[in-house]
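Accompanying notes for the structure given below.
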Amino acid sequence: MYLIWKVTFVIILITTCRAFADDDNHEMEEFLKREHSLSKPYQGVGSSSSSHWELMGDAMVTTEQVRLTTDMQSKQGAVWSRIPCHLRDWELQVHFKIHGQGKKNLNGDGLAIWYTKERMQKGPVFGNQDLFTGLGVFVDTYPNEEKHLEAQKTRYTTRTQRIFPFVLAMVGNGSISYDHERDGRPTELGGCNAMVRNLNHDTFIFIRYVRRRLTIMIDIDGQHEWRDCLDIPGVRLPQGYYFGASAVTGDLSDNHDVISLKLYQLTVLRSETEEKEEEDEITLPSVDNMDLLKMGENEEGWSSIAMFFTILFSMLGCFLLIVVGLIVYSHWNENRRKRFY
Ligand SMILES: *[C@@H]1O[C@H](CO)[C@@H](O)[C@H](O)[C@H]1NC(C)=O
Ligand SMILES: [Ca+2]
């Protein structure tokens, strides 16, 4: 028992030290990159070929927003940057709005933010192509799988059931398919729930990519507070990909608006070892330890199994001790008795 405490203490000590070191060494500065940003008054967007942004499908520009889809069935629209991004560390601040007539869960399908090799491709993943190469962050407003299960009179346990809208991130390498019927669960990096529909205040998503760490935060409560959504190290994204946003409606619909996409270059100090670690150029998107990530999802399941075995072995251990104790005691007793006779 003492050993366990000692080990725990050392682990806590190491992690706190590392956390402090992290703060000291990595102060960041940020610069808005206008050539990668989209904001009011959207000069030339959708009308000029010299604009940095290009519209697609049903997307249209008004004075207030870039409307990717209106609140009508079977629409799809997108806006794509024309300029590949060669920054190493960046943060994309997405100001968006999703609103419509539909009541809860009678609206769809959602909006996606992209950093991909491909651009201006129509398809089934929130209006963009499947088998994409790069990062997709989805604001999924319709629970396809939950609805399907409901129809079959089954459902997820309360632990795994999700509340929609749900923000989900996925990294594709050109051969991984997004499973629309399952809301992308099989290929997700993670995500969080985000009640973003029909709000009167501004809603934001922040996508930060620093030292190969992908962090997603949301600000949707109108309090100017960022809430953690996802934070994953070891995400390998090549440079020179395009930013974009897309949205789609089906039988159900919503207005999907992008008010601004602001890209900030982050200047990050790296230690020599970190520089070494990131020396090799990334050519294909991937995520380190994707298997472990998948296992993490079942964490609660695993820990209850672990708990079961811990208790089982503790009980066996106690039992063994008692048995040994009894044997020793009876031996000692016998010897004592022998001495007396
Ligand atoms: C893409 O990722 C999948 C799943 O991780 C993997 O099986 C496949 O080999 C990868 N494709 C390439 C071209 O590396
Ligand atoms: Ca969905």
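All letters in the sequence shown, in the order written, are residues -19 to -1, 1 to 322 by mature numbering (1 follows the signal peptide of the UniProt record, and there is no 0). For every residue, glycine included, the Cβ atom is placed at its ideal position computed from N, Cα and C.
For MET37, does the count of other Cβ atoms within 10 angstroms reach 16, so buried, or fall short, so exposed?
A residue is called buried once 16 or more other Cβ atoms fall within 10 Å of its Cβ, and MET37 is buried on that count.
Just to check, is the beta-carbon of ILE240 closer than 6 Å to a non-hydrogen atom of ligand 1?
Not one heavy atom of ligand 1 is found less than 6 Å from the C-beta of ILE240.
Around the C-beta of SER62, are 16 or more other C-beta atoms found within 10 angstroms, so that it is buried, or is it exposed?
It is buried - the Cβ of SER62 has at least 16 other Cβ atoms within 10 Å.
ASN270: beta carbon under 6 Å from a heavy atom of ligand 1?
No, ligand 1 has no heavy atom inside 6 Å of this Cβ.
Could you tell me the alpha carbon to alpha carbon distance between ILE144 and THR138, rounded to whole angstroms?
Spanning the alpha carbons of ILE144 and THR138 requires a straight line of approximately 12 Å.
DSSP three-state call for LEU112: helix, strand or coil?
If DSSP states are grouped into helix, strand and coil, LEU112 belongs with coil.
Mark PHE290 as exposed unless 16 or more other C-beta atoms lie within 10 angstroms of its C-beta, in which case mark it buried.
Per the 10 Å Cβ criterion, exposed.
Counting only runs that start and end within the stretch 223 to 285, where is the alpha helix (DSSP H) found for 4 or more residues in a row?
Assignment of alpha helix (DSSP H) within the stretch 223 to 285, counting only whole runs of 4 or more residues, yields 253 to 258, 271 to 278 in chain order.
Which residues have a Cβ closer than 5 Å to any heavy atom of ligand 2, listed in chain order?
Checking every Cβ against the heavy atoms of ligand 2 under 5 Å gives ASP121, TYR123, ASN125, ASP164.
Three-state secondary structure (DSSP) at PRO124?
Three-state DSSP puts PRO124 in coil, outside helix and strand.
Around the Cβ of THR114, are there at least 16 other Cβ atoms within 10 angstroms (buried) or fewer (exposed)?
It counts as buried.
Pick from LEU73, VAL305, HIS17, THR184: whose alpha carbon is nearest that of ILE64?
When only C-alpha atoms are compared, the closest one is HIS17.
Counting along the chain, where does the beta strand (DSSP E) carrying ALA40 start and finish?
Note, ALA40: premise wrong, no beta strand (DSSP E); not H, not E.
Within the continuous beta strand (DSSP E) that includes residue 342, where are the two ends?
With the chain running from -19 to 322 in the structure shown, residue 342 is simply not present.
Own chain partners of TYR245 with C-beta closer than 6 Å, once the 5 adjacent residues on each side are dropped
Here the set comprises GLU11, LEU13, GLU72.
I need the residues with a C-beta less than 5 Å from some heavy atom of ligand 1; please give them in chain order.
Result: ASN154, SER156.
Inter-residue CB distance, residue 363 and PHE119 (contact presumed, cutoff 8 Å):
The chain is shown only over -19 to 322; residue 363 falls outside these bounds and no answer can be derived.
Just mark ASN88 as buried or exposed, buried being the case when its beta carbon has 16 or more other beta carbons within 10 Å.
By the neighbour-count rule (16 or more Cβ atoms within 10 Å), ASN88 is buried.
Alpha carbons only, please: which of ARG189, ASP209, SER311 is nearest the one belonging to ASP200?
Looking only at ARG189, ASP209, SER311, the smallest Cα-Cα distance to ASP200 is reached by ASP209.
Within 7 Å, strictly: CB atoms of LEU19 and ALA228
Taking 7 Å as the Cβ cut-off, LEU19 and ALA228 do not qualify as a contacting pair.
C-alpha gap between ASN314 and SER295, whole angstroms
Taking the CA atoms as reference points, ASN314 sits about 28 Å from SER295.
Ordered along the chain, which non-local residues of its own chain (more than five positions away) have a Cβ less than 8 Å from that of SER32?
Annotation for SER32: GLN24, GLY25, VAL26, ARG63 place their beta carbon closer than 8 Å to its own, counting only its chain and skipping 5 residues before and after.
Residues near ASN154 by beta carbon distance below 8 Å, same chain, minus five either side
These residues qualify, in order along the chain: THR114, LEU265, PRO266, SER267.
Along the beta strand (DSSP E) that carries TRP61, what are the first and last residues, could you check?
Taken as a continuous stretch (DSSP letters only), the beta strand (DSSP E) holding TRP61 covers 57 to 62.
Where do the N-terminal and C-terminal ends of the beta strand (DSSP E) with ARG189 fall, by residue?
Note, ARG189: beta strand (DSSP E), 184 to 191.
Within the same chain, show all residues whose beta-carbon is closer than 6 Å to that of TYR96, passing over the 5 residues directly before and after it, in chain order.
If we look at TYR96 and ignore the five residues flanking it on each side, its Cβ neighbours are GLY115, LEU116, TYR222, PHE224.
Specify, as a first and last residue, the run of the beta strand (DSSP E) that VAL152 falls within.
Per DSSP, the unbroken beta strand (DSSP E) holding VAL152 starts and ends at 147 to 154.
With DSSP as the reference, label VAL75 as helix, strand or coil.
Under the three-state reduction of DSSP, VAL75 is assigned to strand.
On the three-pair Cβ rule with 8 Å, is the stretch 230 to 242 touching the stretch 47 to 54?
Yes, the stretch 230 to 242 touches the stretch 47 to 54.
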